[in-house]
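In our numbering, the protein residues as written are -14 to 18.
Notes follow once the structure below has been shown.
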């Protein structure tokens, strides 16, 4: 289940990255923290 969630989140994050690069960059930095 976790693997599926991670895959789904990656797809969603990828879509966000394409649509909102600056927003994705901020989100990514927060996640890395």
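Note that beta-carbon positions come from the ideal geometry of N, C-alpha and C, so glycine has one too.
Model, not experiment: these values are computed from the prediction.
On the DSSP letters alone, give me the boundaries of the alpha helix (DSSP H) that residue i sits inside.
| i | result |
| --- | --- |
| residue 9 | 6 to 17 |
Which whole-angstrom value is the C-beta distance of residue i and residue j, which I expect to be below 8 Å?
| i | j | result |
| --- | --- | --- |
| residue -2 | residue 5 | Wrong, their Cβ atoms sit about 11 Å apart, outside the cutoff. |
Tell me, please, whether the CB atom of residue i is closer than 8 Å to any CB atom in chain D?
| i | result |
| --- | --- |
| residue 14 | Of the protein chains in this structure there is only one, and it is not chain D. |
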